[in-house]
């Protein structure tokens, strides 16, 4: 009998090969799961490519969706060595002939020479230097010293104080203390090579004739004799450079500016003068930026179309399909974007309502193309309407009512505006007549001032003041207090026709209010009489589209649940009553940006789709783990079964061998 042949240990069976073939059949479900996972991964990769193209398209909209893009103008100067210029959204196109005849400069004053920069000056008594800034008028100046002149403080510039004591009572210490205090004065030491060479030189940080200095010194007598400077009185320092304004003419009209940066000559235009001379300025619409933005948008859209073509393609020859062919999410995205770009834009009531009117049109293959000639015509003839075509924009028929902003719930359209109450500012007006004589402020005086709910202690400069001088000093002191300036709060102070001090908050609305209280030194009653608390301002009130709106300061906001919900307008002047209408539009860039945000957002269309795929991949992974675990068990069972079979066959083979031997023996005996 022939022996069974195999590679098994006992049986000779090819156990490994047999089990391998069996496991290959058992693994068919695992292979299918892996194929499904690979398909899902391909979908994720395709979605990633689509997301990148959609994000690039959204980025390309940033300029076209920015209202300032359509308000900014460009300023071109004939000779940039004389001045340069920039134009803001409030500028108007035009051509100007500008001649600069004088540049603005700051005042510089100097102390007499000192023998040392480190030697002590005075006895070290704590001394306060108070810097005030204003205009020197009248009189004459000889050798840098005024006679017969007067000094009027500029209320718009804050006073500053510096403390000198035994730790810094040297020329060098005084210089450093002034610079560190940042009071609007730059201090330096200049040596002239004489026996007493060192001069403390002080330069106003601002140019212009209203920035001349007055220095009051309270404390050490030696410091007083060195640093006291009053153009209308004692002058222990000598003027080296006189403060002066820049002077120029714009189309023949004389202009004076405290700074070489002139922003009041032409509305919305800032001129930066460098030297005396004459040249031209042309202000025009910034069409180049818009053309570039349109080109970028069209390019990004076409790149998206290319990506969509790739992920949804089908090759009939190879029968290969794109990962997202027939995908409902992709089709939805395509339809949403095309719907936005195909719909008309209404709201501003202008001539431009379709992209094709500015040269942007669809081609047969679904891409966009730009007709530059048509775009240029629109930029030239309909520039004022471009904002409404592309971004969320508004325009008012009343020049003192302007569009501020909107929300997603604001509906495009034209709406009537009616104002029933103008916004007002908080005002404190005293009842003490200050016009009859000077008001004396004692040394060390401070008052507690509260502006719009924020309080701070304000130090007042000691001295004897006229009514107008007192108002200027108080305004400068309050506005120079960091607690107020850092919060964007300020006041204007003036004297009424009755001689009363009046202080007005710069803000509008019900939170606008000014209050004074005693702190130290001269009492508030010597400034405002019996009045220490001002009246609060009022918010603007009125209706938009006939529905009551919410007022906050000068801003009126459309009511929730109405067509004008979230629509904001700014009312800067005029009177109560009908104020014309406000037109509002949501343009293509705005609407497409909103659509893309809903697609790309964390809870958007793409996110939901990819989350579903990732969830399916996780489920498949869990199924694969279960199948793999089962296959391991199956393989172990097969190995155990074949091991047992191998043992049985080994025993059978042994028995066969034994029987064969016995038969052979029997056959041999029989023969004998």
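Numbering (my numbering), first residue to last: 621 to 1292. Cβ coordinates follow ideal geometry from the N, Cα and C atoms, glycine included.
Distance check for residue j and residue i, CA to CA, integer angstroms please.
i            : j            : result
residue 962  : residue 704  : 43 Å
residue 1269 : residue 1284 : 22 Å
residue 1195 : residue 1042 : 7 Å
residue 921  : residue 1233 : 26 Å
residue 1006 : residue 887  : 22 Å
residue 1153 : residue 746  : 35 Å
residue 976  : residue 992  : 12 Å
residue 1156 : residue 669  : 58 Å
residue 726  : residue 1025 : 41 Å
residue 661  : residue 1227 : 15 Å
residue 1109 : residue 1048 : 15 Å
residue 692  : residue 1004 : 12 Å
residue 724  : residue 1188 : 41 Å
residue 937  : residue 708  : 59 Å
residue 1129 : residue 1237 : 58 Å
residue 659  : residue 953  : 21 Å
residue 808  : residue 1133 : 42 Å
residue 1100 : residue 1074 : 14 Å
CB-CB under 7 Å to residue i, same chain, minus the five flanking residues each way: which ones, in chain order?
i            : result
residue 754  : 771, 772, 773, 774, 830, 832 and 834
residue 1098 : 1069, 1078, 1104 and 1111
residue 982  : 988
residue 816  : 733, 734 and 735
residue 767  : 759 and 760
residue 642  : 1258
residue 782  : 749, 797, 798, 801 and 803
residue 1277 : none
residue 986  : 925
residue 1239 : none
According to DSSP, what are the bridge partners of residue i?
i            : result
residue 894  : Answer by DSSP bridge pairing: none, since residue 894 is not bridged.
residue 1266 : Paired residue(s): none; residue 1266 is not in a bridge.
residue 818  : 734 and 811
residue 849  : 835 and 855
residue 1021 : 1191
residue 881  : 892
residue 1036 : 1201
residue 1012 : 1206
Are the CB atoms of residue j and residue i within a distance shorter than 9 Å?
i            : j            : result
residue 1081 : residue 750  : yes
residue 1096 : residue 889  : no
residue 1038 : residue 1178 : no
residue 857  : residue 729  : yes
residue 1059 : residue 1085 : yes
residue 940  : residue 931  : no
residue 1212 : residue 678  : yes
residue 1185 : residue 1027 : yes
residue 945  : residue 933  : yes
residue 924  : residue 1217 : no
residue 892  : residue 905  : no
Below 6 Å CB to CB, which residues in the same chain sit around residue i once its five sequence neighbours on both sides are set aside?
i            : result
residue 788  : 797
residue 1020 : 1192, 1193 and 1194
residue 1013 : 687, 1007 and 1205
residue 683  : 689 and 913
residue 855  : 765 and 849
residue 1275 : none
residue 852  : 769, 770 and 771
residue 907  : 999
residue 731  : 819, 820, 846 and 857
residue 622  : Its pLDDT being 40, under 50, residue 622 is placed unreliably by the model, and the measurement read from it follows with that caveat. Same-chain partners within the cutoff: there are none.
residue 1135 : 1070 and 1153
residue 666  : 931, 943 and 944
residue 1210 : 685, 1011 and 1012
Can you round the beta-carbon distance between residue i and residue j to whole angstroms, since I take them to be within the 8 Å contact cut?
i            : j            : result
residue 970  : residue 998  : Contact doesn't hold; Cβ gap of about 11 Å is too wide.
residue 824  : residue 805  : 6 Å
residue 1215 : residue 960  : 5 Å
residue 1149 : residue 1051 : 4 Å
residue 737  : residue 791  : 5 Å
residue 916  : residue 675  : About 14 Å separates the two Cβ atoms, so there is no contact after all.
residue 1137 : residue 1067 : 7 Å
residue 972  : residue 1002 : 6 Å
residue 1061 : residue 1091 : Actually they are not in contact, since the Cβ atoms of residue 1061 and residue 1091 sit about 12 Å apart, beyond 8 Å.
Could you confirm whether any beta carbon from chain C is found closer than 9 Å to the beta carbon of residue i?
i           : result
residue 870 : In the structure shown, chain C does not exist; there is a single protein chain.
Here's a check: name, in chain order, each residue in its chain whose Cβ is nearer than 8 Å to the Cβ of residue i, leaving out the five neighbours to either side.
i            : result
residue 569  : The question about residue 569 has no answer, for the chain in this structure spans 621 to 1292.
residue 1244 : 650, 653, 654 and 657
residue 639  : 1255, 1258, 1259 and 1262
residue 1200 : 1016, 1017, 1018, 1021, 1036 and 1037
residue 950  : 670, 928, 931, 932 and 944
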